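Mapping to our numbering: the sequence shown position 77 is 95, numbers consecutive.
For reference, the structure discussed in these notes is given below.
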Amino acid sequence: MTQLTPAVALVSGGLDSMVSAALAREAGHPLLALSIDYNQRHQVELAAARRIAHALGATRHVVLPIDLSVFGGSALTDRDIDVPKDGVDGTIPVTYVPARNTIFLSLALGWAEAAGARDIYLGVNALDYSGYPDCRPEFIAAYERLAELATKAGVEGQPFRFQAPLQHMTKADIVREGARLALDMGMSWSCYDPAPGGLHCGRCDSCRLRHKGFVEAGVPDPTLYAAAPPVE
Numbered sequence: 019m020t021q022l023t024p025a026v027a028l029v030s031g032g033l034d035s036m037v038s039a040a041l042a043r044e045a046g047h048p049l050l051a052l053s054i055d056y057n058q059r060h061q062v063e064l065a066a067a068r069r070i071a072h073a074l075g076a077t078r079h080v081v082l083p084i085d086l087s088v089f090g091g092s093a094l095t096d097r098d099i100d101v102p103k104d105g106v107d108g109t110i111p112v113t114y115v116p117a118r119n120t121i122f123l124s125l126a127l128g129w130a131e132a133a134g135a136r137d138i139y140l141g142v143n144a145l146d147y148s149g150y151p152d153c154r155p156e157f158i159a160a161y162e163r164l165a166e167l168a169t170k171a172g173v174e175g176q177p178f179r180f181q182a183p184l185q186h187m188t189k190a191d192i193v194r195e196g197a198r199l200a201l202d203m204g205m206s207w208s209c210y211d212p213a214p215g216g217l218h219c220g221r222c223d224s225c226r227l228r229h230k231g232f233v234e235a236g237v238p239d240p241t242l243y244a245a246a247p248p249v250e
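Structural data, given as structure tokens:
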């Protein structure tokens, strides 16, 4: 059987990117894992990304530094902006990092073209998420078209496929998929505002959505929280 070409998987250290990368592996792709050190306040997620890339057997894991805190504009990069702890309210929260996925996909695309990969996996989700505009299906579709126009491979008829296998899943669906794949989901990290002692805070949007997913999936939550997340 012919081996598939490599796939570049964006691996943040979070649960969604972990499951997405595992699906790339399940599909038979040799895995190239890409994590971005954008000087996020939750640097602990990069340690999780390293654990995940190793556990999934990535043939190479690149942690690429690009300091988005220089631009600011987000609670994830600006230590003077508090991470909200009151739950998701339907507006785009201050944890949105300006153009983050556009930037990350550009970097993944560059590596994919250099490595001869045609598939790029990312763990974006348009159902249970914090309202970020760069998680929507129309964004992914538009970026795929952009990649076709912007690269040598694209104009020569070798387009890239942006795989977002979790796009239409709830967080509970994602947890169930992680369980089906026999992943150690406890090695992933979701919290935007880590508590002392290596604990998830239990109150930020990401902690709330993570815990909600485990509860609704009926799967025990392996996460250690500083405060029990409210069941919403």
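Note that the Cβ used here is the ideal one computed from N, Cα and C, for glycine as well.
Computed from a prediction, not measured in an experiment: that's the story for all the values here.
- Query: Quick one: what's got a C-beta closer than 8 Å to Gly172's C-beta in the same chain, skipping five residues either side?
  - Reply: Start at 1 with the first residue of the sequence shown, and residue 172 comes out as number 154. Excluding sequence neighbours, Gly172 sits near Ala165, Glu166, Phe178.
- Tell me which same chain residues have a C-beta within less than 7 Å of the C-beta of Ser124, skipping the five on either side of it? Locating residue 124 in the sequence shown gives position 106, counting from the first residue. Here the set comprises nothing.
- Item | Nearest residue (CA-CA) to Ala245, options Arg154, Asp211, Leu82 | Reading the sequence shown from its first residue, position 227 is the one you call residue 245. Relative to Ala245, the option among Arg154, Asp211, Leu82 whose CA is nearest is Asp211.
- Message: Buried or exposed, going by whether 16 or more other CB atoms sit within 10 Å of the CB of Phe232?
- Response: Taking the first residue of the sequence shown as position 1, residue 232 is located at position 214. Buried, since its Cβ has 16 or more Cβ neighbours within 10 Å.
- Where does the unbroken alpha helix (DSSP H) through Asp34 begin, and where does it stop? Within the sequence shown, numbered from 1, the residue matching residue 34 stands at position 16. Where Asp34 is concerned, the enclosing alpha helix (DSSP H) stretches over 33 to 44.
- Distance between Val249 and Leu94 (C-alpha atoms, nearest Å): One-based indexing of the sequence shown puts residue 94 at position 76. One-based indexing of the sequence shown puts residue 249 at position 231. When only Cα atoms are considered, Leu94 and Val249 end up about 24 Å apart.
- Message: DSSP three-state label for Val142, please.
- Response: Looking up residue 142 in the sequence shown gives position 124. Note: Val142 maps to coil in three-state DSSP.
- Query: Quick one: Cα of Val112 to Cα of Phe157, how far?
  - Reply: Start at 1 with the first residue of the sequence shown, and residue 112 comes out as number 94. Start at 1 with the first residue of the sequence shown, and residue 157 comes out as number 139. Going by the C-alpha atoms only, they are around 20 Å apart.
- Residue burial classification, His186 (beta-carbon count within 10 angstroms, cutoff 16): Looking up residue 186 in the sequence shown gives position 168. Result: exposed.
- Message: To test your reading of the DSSP string, which unbroken beta strand (DSSP E) runs of 3 or more residues are found completely within the stretch 70 to 126?
- Response: 78 to 83
- Task: May I ask you to report which of helix, strand or coil DSSP gives Ser224?
- Result: If you number the sequence shown from 1, residue 224 lands on position 206. Shown here, Ser224 sits in a helix according to DSSP, grouped into three states.
- Sort Leu28, Arg97, Leu242, Thr109 by Cα distance to His60 and report the nearest one. In the sequence shown, residue 60 corresponds to position 42, counting from 1. For His60, the closest C-alpha among the options Leu28, Arg97, Leu242, Thr109 is that of Arg97.
- Rounded to the nearest angstrom, how far is the Cβ of Arg118 from that of Asp152, given a contact under 8 Å? Position 100 of the sequence shown, counted from the start, is the residue given in the question as residue 118. Position 134 of the sequence shown, counted from the start, is the residue given in the question as residue 152. Contact flag correct, Cβ pair sits at about 7 Å.
- How would you write the range of the beta strand (DSSP E) that Ala25 sits in, first residue to last? The count along the sequence shown starts at 1 and reaches residue 25 at position 7. Segment 25 to 28, the beta strand (DSSP E) holding Ala25.
- Query: Quick one: what does DSSP say Phe157 is sitting in, helix, strand or coil?
  - Reply: What you label residue 157 is simply residue 139 of the sequence shown in a count that begins at 1. Helix.
- Message: Please state the DSSP three-state secondary structure of Arg194.
- Response: Start at 1 with the first residue of the sequence shown, and residue 194 comes out as number 176. Look at Arg194 here: in three-state DSSP terms it is helix.
- Message: Judging by CA-CA distance, which residue of Leu140, Gly108, Glu131, Arg43 is the nearest neighbour of Thr120?
- Response: Working through the sequence shown from its first residue, we reach residue 120 at position 102. The residue with the shortest Cα to Cα distance from Thr120 is Leu140.
- Item | For Phe180, the residue or residues it bridges with in DSSP | The count along the sequence shown starts at 1 and reaches residue 180 at position 162. Per DSSP, Ile138.
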